[in-house]
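Trainee: Mind looking over this structure? Questions follow.
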Amino acid sequence: MENMERENILEIKDLDVRLFTERGELPVIDRLNLTLRAGETLGIVGESGCGKSMLASAIMGLVARPGKVTGGEILFGRDEKQDLTKMSAKELRRIRGTGISMIFQEPMTSLNPLMSCGRQIVETIVAHEKIGRAEAKARAISIIRSVGIQRPEKVYGEVPAQLSGGMRQRIMIAMALVCNPELLICDEPTTALDVTVQAQILGLIRRLQKEKKTSVVFISHDMGVISQMADRVAVMYAGQLVEYAQAEAIFTRPLHPYTQGLQAAIPKMNEKKDSLESIPGNVPMLYELPKGCIFSPRCAYATDRCRSERPQIVEADGHRVRCFLYEQGGDAQRREMKATDTSETKIENKKKIGEEGEG
1 MENMERENIL EIKDLDVRLF TERGELPVID RLNLTLRAGE TLGIVGESGC
51 GKSMLASAIM GLVARPGKVT GGEILFGRDE KQDLTKMSAK ELRRIRGTGI
101 SMIFQEPMTS LNPLMSCGRQ IVETIVAHEK IGRAEAKARA ISIIRSVGIQ
151 RPEKVYGEVP AQLSGGMRQR IMIAMALVCN PELLICDEPT TALDVTVQAQ
201 ILGLIRRLQK EKKTSVVFIS HDMGVISQMA DRVAVMYAGQ LVEYAQAEAI
251 FTRPLHPYTQ GLQAAIPKMN EKKDSLESIP GNVPMLYELP KGCIFSPRCA
301 YATDRCRSER PQIVEADGHR VRCFLYEQGG DAQRREMKAT DTSETKIENK
351 KKIGEEGEG
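To convert, note that position 189 of the sequence shown is 189 in the working numbering; the numbers rise steadily by one, no gaps.
As structure tokens, this is what we get:
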């Protein structure tokens, strides 16, 4: 993946998203800072409940009650950046599809079950562009063909229930890209698919991104998938950013104990084990976050300080990491684990991205 210096197309600054519940204000996203450069893929990884999908909703302007963006900025654009958090509903509708688009996790909950796939794509086009329906239909058939569907004219007239899971996800990708957005958000787009179809869909997204020069935010709980897709990686835990670095740095020398745990859980092609490694415990509920470091109850290296104080983000070896052990003068050496050799893992994973034939 290219690592050239490019202008930022997305800048997230001190983003705060809260849930207003009977238990009080719950921090779904806590002062998050991230950037995405034009043409690159930013991987967002973490377990369920870490705030990844809420981040996608915040970027799209789709945070629903009882959630609310309570602080920070989401700046989008190349030359003149616009703060998405300050836009009206009408302005956000205008930017969705042409500026920012999204591929959701489960197509059956996103596609209209009563409308043909082709018509849904046509409606997307005419909602954003001044174009006749005949021309829109021709474009819809063309985009259906471009996502690897061999009989686009036939599929154009079929409803989602007539298609396989992989085919439905291809239709979602077609809908997301038909108006050539600058930014594509992929929220767990392969979770519901089997391994073979997953590899095909990942390969398809990578090919189309390269062809259309689209910037991508790719969200997944699976470090193996992120290793195939991302130029840079942001690791989230319970609403906080805990590590952020170039993908190569994350996968060859992860610093945060949580990142190390996620990486250790990636199946290795050359290792035979009776069971996969996992991180003990669970992500804490937002209404019972620990007093100190939010990862301390699950961390093998936690100290008394970790259990009583909240660490801030610090710079360490080209990473941004939220851990006391990497503060200036901190004894980081005593907790460094041997980094998993993911250069080999990434090679094996990329071999899995096979043909893009229909799934």
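Ideal Cβ placement from N, Cα and C applies to all residues, glycine included.
In the stretch 252-314, which residue ranges form an unbroken beta strand (DSSP E) of at least 3 residues, counting only runs that do not cross its ends?
Mentor: Segments of the beta strand (DSSP E) lying fully in the stretch 252-314: there are none.
Trainee: Taking the alpha-carbon positions, what's the Val-155 to Gly-118 distance?
Mentor: Using only the alpha carbons, I get a separation of about 7 Å.
Trainee: So for Arg-232, helix, strand or coil by DSSP?
Mentor: strand
Trainee: Leaving out five residues before and five after Ala-140 in sequence, what residues of the same chain have Cβ atoms less than 6 Å from its Cβ?
Mentor: The residues are Gly-118, Ile-121 and Val-122.
Trainee: Cα-Cα, which of Ile-12, Arg-31, Leu-26 and Ile-9 is closest to Arg-322?
Mentor: Comparing Cα-Cα distances from Arg-322 to each of Ile-12, Arg-31, Leu-26 and Ile-9, the minimum goes to Arg-31.
Trainee: May I have the straight-line CA-CA distance separating Ser-164 from Ala-192, to the nearest angstrom?
Mentor: Taking the CA atoms as reference points, Ser-164 sits about 11 Å from Ala-192.
Trainee: In the structure shown, what three-state DSSP assignment does Thr-345 receive?
Mentor: Residue placement at Thr-345 cannot be trusted, given a pLDDT of 43 that sits under 50; the coordinates are not used to answer.
Trainee: Since Leu-26 contacts Leu-36 with CB under 8 Å, what's their CB separation in whole angstroms?
Mentor: That belief does not hold up - the Cβ atoms of Leu-26 and Leu-36 are roughly 26 Å apart, past 8 Å.
Trainee: Judging by CA-CA distance, which residue of Arg-96, Gly-49 and Ser-296 is the nearest neighbour of Cys-179?
Mentor: With distances taken between Cα atoms, Cys-179 lies closest to Arg-96.
Trainee: Report buried or exposed for Val-45, applying the criterion of at least 16 other Cβ atoms within 10 angstroms of its Cβ.
Mentor: buried
Trainee: Do Glu-277 and Ala-264 have their C-beta atoms closer together than 8 Å?
Mentor: yes
Trainee: Can you tell me which of Ala-38, Thr-21, Leu-10 and Gly-51 puts its alpha carbon nearest to the alpha carbon of Asp-187?
Mentor: Gly-51
Trainee: Could you compute how far the alpha carbon of Ser-57 sits from the alpha carbon of Val-217?
Mentor: Approximately 12 Å, taken between the alpha carbons.
Trainee: Among the candidates Gly-166, Asp-14, Thr-190 and Ile-143, whose CA atom is the shortest distance from the CA of Ala-176?
Mentor: Ile-143
Trainee: Going along the chain, which residues of its own chain have a beta-carbon closer than 7 Å to the beta-carbon of Val-314, five neighbours each way excluded?
Mentor: Val-321, Tyr-326 and Glu-327
Trainee: Bridge partners for Ile-29 per DSSP, in chain order?
Mentor: Val-17
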